[in-house]
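Once you know that position 30 of the sequence shown is 43 in my numbering, the rest is easy, because the numbers rise by one and skip nothing. Ideal Cβ placement from N, Cα and C applies to all residues, glycine included. What follows is a short report on a single structure.
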Amino acid sequence: MEWQPLDFERPIFELERRLQDLKNHSDKHDVDLDSAIKEL
14 MEWQPLDFER
24 PIFELERRLQ
34 DLKNHSDKHD
44 VDLDSAIKEL
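Here you go:
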């Protein structure tokens, strides 16, 4: 069973998911965005 965020948690959950997607994309394309992601 997959974990589902509560309604009030959803914006934070989506932001964390998008940040992870951005990190995965930067790793795949050999671009260092770690410092920019950490600021967010």
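TODO: Taking 9 Å as the cut-off, decide whether the C-beta atoms of L28 and I50 are in contact.
DONE: Taking the first residue of the sequence shown as 1, we reach residue 28 at position 15. Taking the first residue of the sequence shown as 1, we reach residue 50 at position 37. Taking 9 Å as the Cβ cut-off, L28 and I50 do not qualify as a contacting pair.
Open item on the list: Please list the terminal residues of the continuous alpha helix (DSSP H) segment that includes F21.
Closed with: In the sequence shown, the residue the question calls residue 21 occupies position 8. Looking at the DSSP string, F21 is not in any alpha helix (DSSP H), and its letter there is neither H nor E.
Task: Limits of the unbroken alpha helix (DSSP H) element including D47 - done: Within the sequence shown, the letter at position 34 stands for residue 47. Here the alpha helix (DSSP H) through D47 covers 47-52.
- [ ] Measure the C-alpha to C-alpha separation of H42 and R31 and round it to an integer number of angstroms.
- [x] To locate residue 42, count along the sequence shown from 1; it is residue 29. To locate residue 31, count along the sequence shown from 1; it is residue 18. Using only the alpha carbons, I get a separation of about 16 Å.
TODO: Determine the closest residue to L53 out of I25, W16, F21, D20, with distance taken between C-alpha atoms.
DONE: The residue you call residue 53 lines up with position 40 of the sequence shown. The option with the nearest alpha carbon to L53 is I25.
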